[in-house]
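Protein chains in written order, with the working numbering: chain A, 1 to 568; chain B, 569 to 669.
Quick look at the structure:
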């Protein structure tokens with residue numbers, strides 16, 4: 001009988017072999033293929049790729065765990081990371097596709113007729129992507145440290161090597177097809193254990209329904225109260241209403257402002273296809289997001305049943321407990337020396353559990369077959385890998401295309417640009433790995449900060465660029481800078497403990513809003529500043545206004561053939 | 569100030585298309601805000617006394633219900649815009665026929 005670890009490694013090698021094969025089969029050599037896959041990816045495949053690109057280690061590994069510990073307040077991630085698609089599908093995607101550029105800084109640079117605007121947007125892109133990718137590296141590190149039984153730092157380094165290999169291998173086209181396949185690995189790996197645990201606890205094989213129809217959540221609430229934790233379903237026990245509101249909005253606007261997601265809508269062939277890509281994407285994404293609250297609640301229930309008020313020695317003999325203890329992500333501390341585990345919140349709690357291990361340990365806690373445990377590990381890696389490669393491409397194009405080629409060296413050959421891109425990629429990986437080793441929070445929380453930055457910098461100017469004809473370069477640049485700098489400074493002050501090593505946070509919160517929600521304030525400032533500045537400076541040149549009108553006109557005026565061929 | 573400050577290139581039909589698009593977007597976003605931020609957050613406390621199958625209504629909206637609504641909104645937008653495109657194409661065709669006559 002093979003050990004869980006052996007099966008896992010085999011599974012990981014097989015799935016990685018498949019990704020490599022696809023990446024090789026669909027590799028590209030020209031820059032258009034590298035950035036936007038030649039704009040001929042089918043809608044459903046693009047939807048699946050968007051979903052995989054989007055659903056990262058944060059969605060797969062972290063989210064259900066965060067929901068398990070936050071209870072009701074976990075809605076910040078559930079609504080925040082799906083509601084943003086409404087903004088994206090209605091307000092941005094169709095017009096950006098119609099505008100027809102390679103990257104987000106490209107749009108901003110052209111729309112605001114300024115290489116300064118382009119540079120500022122490229123810098124915002126780099127900041128957002130770097131923060132985001134750090135969360136992925138941590139996710140990969142956790143998976144490897146558990147299944148190779150190595151330290152998390154070694155795990156992050158292995159992950160770094162693998163992510164780098166895949167990103168160097170192919171451009172956007174390779175990535176698109178690989179991501180479409182990765183989506184199916186991710187979703188299968190997430191759903192199968194959810195179905196199994198749901199059957200086990202409720203007798204209902206549909207976890208999305210079992211969540212509401214069974215009484216598990218109600219019972220979980222009772223047990224939590226008995227153990228001295230907060231009621232599971234009660235709103236605003238972990239976060240204030242203000243913070244839930246702000247964080248949800250920051251994650252939504254951030255979703256719409258994430259450059260690596262936006263760029264996916266350039267890979268389809270028409271505006272209509274961009275709208276339908278969004279439909280497929282939200283469907284694929286929702287499949288996981290509707291399952292996650294069930295996984296969170298069921299896993300928490302199982303976990304409490306397994307360890308709370310049980311003798312410590314007995315628990316430590318359980319296989320999965322033992323293995324997670326060696327990673328340092330699960331720790332027991334028998335403070336009152338009674339040999340029994342007190343699992344609660346606050347003073348008397350004797351369990352330190354990293355939220356990131358909830359999903360990964362679910363199949364083991366529920367005693368599922370080793371094959372499923374291996375599948376979950378492969379799914380977590382697919383999630384981290386697909387997002388990391390999308391982010392790396394976006395970041396690389398921001399540097400090599402938007403900054404190097406469009407600003408510094410307009411005569412650069414494709415070779416030179418690819419070389420600059422690859423160097424950027426390596427530097428980005430090193431920084432991401434460093435932050436992944438010393439993160440200022442869970443994978444999900446680190447990622448949430450990236451969304452705040454996206455909401456505060458790119459989302460408002462893209463939106464105004466489409467819907468406000470009067471918006472000019474002065475307004476856009478002032479807006480992005482205000483939003484980005486304000487948000488970065490406040491985040492740094494609130495997280496000063498882990499960033500600068502101060503004794504406590506320099507700033508507890510900003511008017512009651514915490515670091516994850518601060519992006520909304522940055523976003524509002526961005527809107528206000530860009531509006532005021534633009535109204536007091538010259539209107540944009542006429543050819544730019546004409547361009548905006550063109551983006552608003554129906555698609556068929558621009559390209560009758562495309563529209564006609566899709567009518568059938 | 570001889571130079572015009574703004575320019576308009578869209579014809580009547582295109583302007584109408586854009587206005588209809590804007591109206592559709594605003595009404596869908598209103599639903600988005602009311603369900604997500606109203607039902608899921610601002611009115612979560614009173615709604616947590618309302619049972620919904622085995623859970624409370626506010627818990628269900630916040631963790632699942634809103635997501636169903638989001639899917640629905642994006643789907644409606646895609647369908648309605650397809651219709652709007654078709655309508656526009658028809659009008660355009662009629663116009664061209666008039667011209668060629």
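All residues carry an ideal CB built from backbone N, CA and C; glycine is no exception.
None of the values given here were measured: they were computed from a predicted structure.
Within chain B, the residues 616 have their CB atoms less than 8 Å from the CB of residue 234 (chain A), given in chain order. Interface residue (Cβ-Cβ distance to chain B less than 8 Å): residue 79 (chain A) is classified as such. In the DSSP annotation of this structure, the continuous segment of the alpha helix (DSSP H) that includes residue 122 (chain A) starts and ends at 115 to 147. Neighbourhood of residue 658 (chain B) in chain A, by CB distance below 7 Å: empty, with the nearest CB roughly 11 Å away. The beta carbon of residue 375 (chain A) sits closer than 6 Å to those of 189, all from its chain and outside the five residues before and after it, given in chain order. Annotated three-state conformation of residue 351 (chain A) is strand, per DSSP. With a cutoff of 8 Å on beta-carbon distance, residue 385 (chain A) and residue 224 (chain A) are scored as not near each other.
Residue 619 (chain B) sits in a strand when the DSSP states are folded into three classes. The residue from A:507, A:452, A:502 and A:403 with its alpha-carbon nearest to that of residue 485 (chain A) is A:452. Taken through DSSP and simplified to helix, strand or coil, residue 510 (chain A) comes out as strand. From the beta-carbon of residue 278 (chain A), the residues of chain B found nearer than 9 Å are 642, 645 and 646. In this structure, the alpha-carbon of residue 206 (chain A) lies about 18 Å from that of residue 629 (chain B). Between the C-alpha atoms of residue 71 (chain A) and residue 649 (chain B) there is a straight-line separation of about 38 Å. Looking from the CA of residue 508 (chain A), the closest CA among A:502, A:382, A:494 and A:285 belongs to A:494. Bridge partners of residue 624 (chain B) according to DSSP: B:619.
Pairing residue 350 (chain A) with residue 332 (chain A) gives a Cβ-Cβ distance under 8 Å. In terms of beta-carbon proximity, residue 19 (chain A) stays away from the interface with chain B, with every pair separated by 8 Å or more. In this structure, residue 475 (chain A) places its C-beta atom within 8 Å of the C-beta atom of residue 537 (chain A). Judged by beta-carbon spacing, residue 215 (chain A) lies within the 8 Å limit of residue 622 (chain B), meaning their Cβ atoms are closer than that value. Taking a cut-off of 8 Å on C-beta distances, the stretch 627 to 644 of chain B touches the stretch 599 to 606 of chain B, as three or more cross pairs fall below it. In the DSSP assignment, residue 90 (chain A) falls outside any beta strand (DSSP E), carrying neither H nor E. Residues of chain B with a Cβ closer than 8 Å to the Cβ of residue 213 (chain A) are, in chain order, 621 and 622. Taking a Cβ-Cβ threshold of 7 Å, the residues of chain A close to residue 613 (chain B) are 235, in chain order. Taking every protein chain shown into account, the CB of residue 411 (chain A) has fewer than 16 other CB atoms within 10 angstroms, so this residue is exposed.
For chain B, the residues of the stretch 458 to 469 of chain A that bring a beta carbon within less than 8 Å of one of its beta carbons are 469, in chain order. Residue-level contact check: residue 364 (chain A) does not touch chain B, since none of the beta carbons of chain B fall below 8 Å from its beta carbon. Closer than 8 Å at the C-beta level to chain A, one finds these residues of the stretch 595 to 612 of chain B: 596, 597, 600, 604, 605, 608, 609, 610 and 612. Each of A:16, A:121 and A:144 was checked against the Cα of residue 357 (chain A), and the nearest Cα belongs to A:144. With a beta-carbon spacing of about 5 Å, residue 389 (chain A) and residue 167 (chain A) fall inside the 8 Å limit used to define contacts. Assigned with DSSP and collapsed to three states, residue 150 (chain A) falls in coil, not helix or strand.
Residue 249 (chain A): member of the alpha helix (DSSP H) spanning 241 to 256, first to last residue. If you draw a 10 Å sphere on the C-beta of residue 526 (chain A), you find 16 or more other C-beta atoms in it, and that means buried. In the three-state reduction of the DSSP assignment, residue 578 (chain B) falls in the coil class. Secondary structure of residue 166 (chain A) (DSSP, three-state): helix.
Leaving aside the five residues that flank residue 133 (chain A) on each side, the residues in its chain whose CB is nearer than 6 Å to its CB run, in chain order, 388, 391 and 432. Within the same chain, Cβ atoms closer than 6 Å to the Cβ of residue 136 (chain A) are found at 56, 57, 384, 387 and 388, the five residues on either side in sequence being excluded.
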